[in-house]
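Student:
Residue numbers (the numbering used here): 321 to 715.
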């Protein structure tokens, strides 16, 4: 509708001028007048496509200024201005100035050619040329102003859409990371405690001593209560809106290397713990990671190496890192039938995530064909290293 109104306005403003008697000594013939009317109508019709084909429409609007006799050129002055405005708005300011320059040169050459044929009409030709160029210049300046503002608003809208997409992507990534974090904590709590409970329950079933069975069931109850306590603590963190999103899901104190080793020993597994240095002086976050890595490593040993005769846990607090080594000798030959593809659990990825969370590294795999090793190195901040090893830093 807008394009039709613009084309109609251009036709009403241009068509009557083609029929007026101009001040040129040489007046147009009737045929030339009709040709001018047809060209003006066609150029106005071309303005209907100024949004999609602005450069082609501009060429169609400039053509009458070059092809018609000088006395009929004033009828075509407004058409290039309308078309050049469209070039500036729907293409670019650069395209507008290039189109203006090309049209100005073409119209100037046509005027110079007409002046050579009629030197007496030079002043009228120059006036007609200047008025046409001024009309195009006004169209270009207005179009550039409107076009720049239009492109600026489009850029703002595109940026807003991009920010919305990025916000949604960040929200999805954050939700996925949070789900992974919750799954890791749930796995550490549930898997370890259930493994211990299963081992204790099997031991209680196998023994014929009522007193020993009663003691084992008490240990099962204690292990289950500890797991419930950890679960309640984690749910409390998840439901607390005032806590930071990065707050630990489980209390730091809930994970202890000694507790993990003691649970495995109560379940009947030959776990031996060796600690070098003062683990209590290690930052709480690193200490929590150490406890979880040991806990998950023992859980994997209890599940996958029930015939192990030794499970050796070694922790060394160095000047710049905490070194962990968990080794068991219960490795069994693995076959595709025993371990089909796609049945890998979440324990090993959780161990690597736990180590990476504090900037450490972790290596897992068989050694010597008979042992399974878990080795981790968790870096310590400088001030923590000084506290854990004061003798290395002087009095």
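Glycine included, each C-beta is placed from N, C-alpha and C at the ideal position. Just so we're clear, the structure is a prediction, and the values are computed from it rather than from any experiment.
Which of helix, strand or coil does DSSP assign to residue 691?
Tutor: The residue labelled residue 691 in the question sits at position 371 within the chain shown. Note: residue 691 maps to strand in three-state DSSP.
Student: Are the stretch 369-387 and the stretch 405-425 in contact at 8 Å, needing three or more beta carbon pairs?
Tutor: Touching, yes, given that three or more Cβ pairs across the two stretches are closer than 8 Å.
Student: The beta strand (DSSP E) spanning residue 397 covers which residue range?
Tutor: As a working note, residue 397 is residue 77 in the chain shown. Careful: residue 397 lies outside any beta strand (DSSP E) and carries neither H nor E.
Student: Rounded to the nearest angstrom, how far is the Cβ of residue 607 from that of residue 618, given a contact under 8 Å?
Tutor: Indexing the chain shown from 1 puts residue 607 at position 287. Indexing the chain shown from 1 puts residue 618 at position 298. Rounded, the Cβ-Cβ distance is 17 Å, inconsistent with contact.
Student: By the three-class DSSP mapping on this structure, what secondary structure does residue 406 have?
Tutor: Numbered from 1 along the chain shown, position 86 holds the residue referred to as residue 406. Helix, per DSSP.
Student: Rounded to whole angstroms, what is the Cα-Cα separation between residue 413 and residue 449?
Tutor: Here residue 413 refers to the residue found at position 93 when the chain shown is read from its first residue. Here residue 449 refers to the residue found at position 129 when the chain shown is read from its first residue. One C-alpha to the other measures close to 23 Å.
Student: Any chance the stretch 579-590 sits against the stretch 639-646, with 3 or more Cβ pairs inside 8 Å?
Tutor: Output reads no: the stretch 639-646 does not touch the stretch 579-590.
Student: So, at 6 Å on beta carbons, what are the nonlocal neighbours of residue 695 in its own chain, with the 5 sequence-adjacent residues on each side left out?
Tutor: Counted from its first residue, the chain shown places residue 695 at position 375. Counting only Cβ-Cβ distances below 6 Å, and skipping sequence neighbours, we find 645 and 683.
Student: Just curious, the beta strand (DSSP E) that residue 645 is in, first and last residue?
Tutor: As a first step, residue 645 must be located in the chain shown, where it is residue number 325. First-last of the beta strand (DSSP E) with residue 645: 641-648.
Student: Do you know offhand how far residue 503's Cα is from residue 605's?
Tutor: In the chain shown, counting from the first residue as 1, residue 503 sits at position 183. In the chain shown, counting from the first residue as 1, residue 605 sits at position 285. Rounded to the nearest angstrom, the two C-alpha atoms are 18 Å apart.
Student: Figure out for me which residue from 523, 464 and 689 has the closest Cα to the Cα of residue 650.
Tutor: Along the chain shown, one-based indexing puts residue 650 at 330. Comparing Cα positions, the closest option is 689.
Student: So for residue 632, helix, strand or coil by DSSP?
Tutor: For the purposes of this step, residue 632 is taken as the residue at position 312 of the chain shown. Correct three-state label for residue 632: strand.
Student: What is the residue span of the alpha helix (DSSP H) that residue 375 lies within?
Tutor: By 1-based counting over the chain shown, the position of residue 375 is 55. Per DSSP, residue 375 belongs to the alpha helix (DSSP H) from 374-387.
Student: From which residue to which residue does the alpha helix (DSSP H) around residue 427 run?
Tutor: As a working note, residue 427 is residue 107 in the chain shown. It spans 413-437 - the alpha helix (DSSP H) in which residue 427 sits, taken as one unbroken run.
Student: Residue 406 and residue 463 - do their beta-carbons sit closer together than 8 Å?
Tutor: Walking along the chain shown from the start, residue 463 turns up at place 143. Walking along the chain shown from the start, residue 406 turns up at place 86. It is a contact, given that the beta carbons lie within the stated cut-off.
Student: With a cut-off of 8 Å on the beta carbons, I'd call residue 415 and residue 455 a contact; round off their distance for me.
Tutor: Here residue 415 is taken as the residue at index 95 of the chain shown, counted from 1. Here residue 455 is taken as the residue at index 135 of the chain shown, counted from 1. Contact flag wrong, Cβ pair sits at about 19 Å.
Student: Mapping DSSP to helix, strand and coil, what is residue 685?
Tutor: Reading the chain shown from its first residue, position 365 is the one you call residue 685. Here residue 685 sits in strand by DSSP.
Student: Can you give me the Cβ contacts of residue 576 inside the same chain, cut-off strictly under 6 Å, excluding the 5 residues immediately before and after it?
Tutor: Residue 576 sits at position 256 when you count from the first residue of the chain shown. Same-chain partners within the cutoff: 611.
Student: Residue 514 to residue 492, Cα distance in whole Å?
Tutor: For the purposes of this step, residue 514 is taken as the residue at position 194 of the chain shown. For the purposes of this step, residue 492 is taken as the residue at position 172 of the chain shown. Cα to Cα, residue 514 sits roughly 32 Å from residue 492.
Student: Whole angstroms are fine: how far does the CA of residue 486 sit from the CA of residue 533?
Tutor: Position 213 of the chain shown, counted from the first residue, corresponds to residue 533. Position 166 of the chain shown, counted from the first residue, corresponds to residue 486. One C-alpha to the other measures close to 59 Å.
Student: Tell me whether residue 442 counts as near the ligand FAD, meaning its Cβ is closer than 7 Å to at least one heavy atom of that ligand.
Tutor: Absent from the structure shown: the ligand FAD. Ligands present: none.
Student: So the candidates are 432, 373, 551 and 609; which of them puts its Cα closest to the Cα of residue 411?
Tutor: Against the chain shown, residue 411 aligns to sequence position 91. Taking only the C-alpha atoms, the option nearest residue 411 is 373.
Student: How should residue 692 be labelled, buried or exposed, when 16 other C-beta atoms within 10 angstroms of its C-beta is the threshold for buried?
Tutor: Translated into positions along the chain shown, residue 692 becomes position 372. Buried, since its Cβ has 16 or more Cβ neighbours within 10 Å.
Student: Tell whether a beta-carbon distance below 8 Å holds between residue 628 and residue 590.
Tutor: As a working mapping, residue 628 is identified with position 308 in the chain shown. As a working mapping, residue 590 is identified with position 270 in the chain shown. For residue 628 and residue 590, yes; Cβs fall inside 8 Å.
Student: Between the C-alpha atoms of residue 520 and residue 536, what's the straight-line distance to the nearest angstrom?
Tutor: The residue you call residue 520 lines up with position 200 of the chain shown. The residue you call residue 536 lines up with position 216 of the chain shown. Whole-angstrom Cα-Cα distance: 6 Å.
Student: Could you round the C-beta distance between residue 674 and residue 613 to whole angstroms and report it? I think they count as a contact, below 8 Å.
Tutor: Position 354 of the chain shown holds residue 674. Position 293 of the chain shown holds residue 613. Contact flag correct, Cβ pair sits at about 6 Å.
Student: Quick check: the Cα distance between residue 437 and residue 408, rounded to an integer number of angstroms?
Tutor: On the chain shown, position 117 is the one that residue 437 refers to. On the chain shown, position 88 is the one that residue 408 refers to. So the alpha carbons of these two residues sit roughly 35 Å apart.
Student: Between residue 677 and residue 586, what straight-line distance do the alpha-carbon atoms span, to the nearest angstrom?
Tutor: Counting from 1 along the chain shown, the entry for residue 677 is found at position 357. Counting from 1 along the chain shown, the entry for residue 586 is found at position 266. If I take the Cα positions, the gap works out to 30 Å.
Student: Kindly indicate which three-state DSSP category residue 627 falls into: helix, strand or coil?
Tutor: Your numbering for residue 627 matches position 307 in the chain shown. Reduced to three states, the DSSP call for residue 627 is coil.
Student: Out of 382, 370, 396 and 443, which has the shortest C-alpha to C-alpha gap to residue 353?
Tutor: The residue labelled residue 353 in the question sits at position 33 within the chain shown. Measuring from the Cα of residue 353, the nearest candidate turns out to be 396.
Student: Given a cut-off of 8 Å, decide if residue 399 and residue 384 are closer than it, judged by their beta-carbon atoms.
Tutor: Position 64 of the chain shown, counting from 1, holds the residue named residue 384. Position 79 of the chain shown, counting from 1, holds the residue named residue 399. Yes, these two residues count as a Cβ contact at 8 Å.
Student: Count the other CB atoms, across all protein chains shown, that sit within 10 Å of the CB of residue 592; report buried if there are 16 or more and exposed otherwise.
Tutor: Within the chain shown, numbered from 1, the residue matching residue 592 stands at position 272. Flag for residue 592 reads exposed.
Student: Using CA atoms only, rank isn't needed, just tell me which of 686, 540 and 609 is closest to residue 698.
Tutor: Your numbering for residue 698 matches position 378 in the chain shown. Ranking 686, 540 and 609 by Cα distance to residue 698 puts 609 first.
Student: Pull up the distance between the alpha-carbon of residue 482 and that of residue 499, whole angstroms please.
Tutor: Along the chain shown, one-based indexing puts residue 482 at 162. Along the chain shown, one-based indexing puts residue 499 at 179. Taking the straight line from one Cα to the other gives about 25 Å.
Student: Do residue 516 and residue 543 count as a contact pair if the criterion is CB distance below 8 Å?
Tutor: Walking along the chain shown from the start, residue 543 turns up at place 223. Walking along the chain shown from the start, residue 516 turns up at place 196. Going by C-beta atoms, residue 543 is nearer than 8 Å to residue 516.
Student: Cβ atoms of residue 547 and residue 510: under 8 Å apart, would you say?
Tutor: The residue given as residue 510 occupies position 190 in the chain shown. The residue given as residue 547 occupies position 227 in the chain shown. Closer than 8 Å, so yes.
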